[in-house]
Amino acid sequence: MPGVVVLLILILIGAIVVAVVASRNGKRRELERRRAELEPVKKFAFEDITALGVELQSLDTDLAGRQLDAGANADYQRALDSYEAAKTAGDSIQQPEDLKHVAEILEDGRYAILCVRARVAGEPLPTRRPPCFFDPRHGPSVADVPYAPPGGATRDVPACELDAERVRAGADPDIRKVMVGAQRVPYWQGGRAYQPYAAGYFGGGGAMNLMFMGLMFGGLGGFDALGDGIGAIGDGVGDVFGGIGDGVGDLFDGFDF
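Going by the working numbering, the first residue of the sequence shown is number 172, and it counts up by one from there.
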C-alpha cells in the first residue's frame, strides 16, 4: 500500500510538471504569434502617419507667404502637434490595441488641416465627420453611401468625395488593402489585429462598430481569421492534455505491473 501511495504521488507530481511545461510552451507560442501579428500592424500605422506628414508638407507649400490669423495658427499648430504625437504613439505600439490611440490622433490632425484651409479661404469650418471608411487616409467623409462587400449585406458607410462618386457610379471605391498571407484584402478583413484601427477612427461602439464587424465577417477573410483563432485555442488545449498524457505515460513506463 505505501508503494501505491508513493506511485500516485509521483504520477501527480509528474502530471503537474508536464502541465506547467506545456503551459509555458503555449505561452511562448502565443507570444511569438502576437509578435508576428504586431509587425504588419505597426507598418500599417506608420503608413498612416507618413500620409499625415505628406499632407502637412502640402499645407506648408500652399501657405507659403500667407499671413495666418489666430484661429488658423492655432489649427495649424494642432495639426503639427498631432503629427508629432502620432509618431510618438507609433513608436510606443506594443500590441494591436495601441493602434486605436494612433488612429484617434491622426483623425484629429486631418480635421485640423481642413480647418486651416477653411480659415485661409474665408469659408466656414467644416462639419466634423468620420473619415472615409474605404481608406481613412482620404480624410474626413462628405457623405454616407450604401456599400455591399462581396458576399456581404449593404450598409451605409462614410466616404470621401471621390469614393462617394465611385460608389454612386457603380465603380469600386479605393479601398485600403493589407496582406493576409499571400493575398491582399480590405483592411476590415485583415483579422482582429486591425479592429482597433477602425475603432480609433470610427468609435469603439454603436452603429459604426456593428457595421465594421458585419463587414469584417461578411467576407472570407473575417471568417478565416475567426476559424484560425478557434483552431489555435483547440491546438493549445490539445497540447496541454497531450503533454500531460505523455508525461503520465512516461512515468508508467518505468514500472512493470
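Each residue gets a CB set at the ideal place from its N, CA and C atoms; glycine is no exception. Please read these numbers as outputs of a predicted model, since none were measured by experiment.
Residue span of the beta strand (DSSP E) that contains residue i, given as start and end
i    : result
Q248 : No beta strand (DSSP E) holds Q248; the alpha helix (DSSP H) holding it covers 241-262.
V356 : 354-357
P317 : 314-318
Exposure label - residue i; buried when at least 16 CB within 10 Å
i    : result
V191 : exposed
I404 : Unreliable placement is indicated for I404, whose pLDDT of 38 sits below 50; the coordinate value is still reported in the next sentence. Exposed is the call here.
G393 : Its pLDDT being 40, under 50, G393 is placed unreliably in this model, and the value from its coordinates should be taken loosely. Its Cβ being crowded by 16 or more others within 10 Å, G393 is buried.
L179 : exposed
P317 : exposed
I187 : exposed
E226 : buried
P320 : buried
G236 : exposed
R339 : exposed
A193 : buried
L181 : exposed
R347 : buried
V328 : buried
L183 : exposed
Whole-number beta carbon distance between residue j and residue i, since they are thought to touch under 8 angstroms
i    : j    : result
E278 : P302 : 6 angstroms
A335 : V313 : 6 angstroms
I276 : A245 : Their Cβ separation, rounded to whole angstroms, is 17 angstroms, which puts I276 and A245 out of contact at 8 angstroms.
Beta-carbon gap between residue i and residue j smaller than 8 angstroms
i    : j    : result
F304 : A274 : no
D306 : D345 : yes
L251 : V212 : no
K287 : Y254 : Note that residue 287 corresponds to Val in the displayed sequence, not to Lys. Going by C-beta atoms, V287 is not nearer than 8 angstroms to Y254.
G261 : A216 : yes
A243 : R290 : yes
Y372 : Y365 : no
G167 : V351 : Coverage of the chain is limited to positions 172 through 428, which leaves residue 167 absent and any answer about it impossible.
R308 : D219 : yes
L285 : P295 : no
Nearest candidate by alpha-carbon position, reference residue i, set the options
i    : options                : result
R223 : G310, R199, K214       : Per the sequence presented here, residue 223 reads as Leu, with Arg not at that position. That would be G310, whose Cα lies nearest to the Cα of L223.
L209 : P367, Y372, G374       : P367
A369 : H272, T325, S263, G341 : H272
V349 : R337, L183, R339, R363 : R363
E332 : D315, G323, R355, N196 : D315
V263 : K214, T232, S229, A241 : For clarity, residue 263 is Ser in the given sequence; the question names Val instead. Of K214, T232, S229, A241, the residue nearest in Cα terms is K214.
G293 : L239, Q265, T232, T259 : L239
Range covered by the alpha helix (DSSP H) that runs through residue i
i    : result
D334 : 332-339
G371 : 366-373
C303 : Segment: none, C303 is in no alpha helix (DSSP H) and carries neither H nor E.
E278 : 270-292
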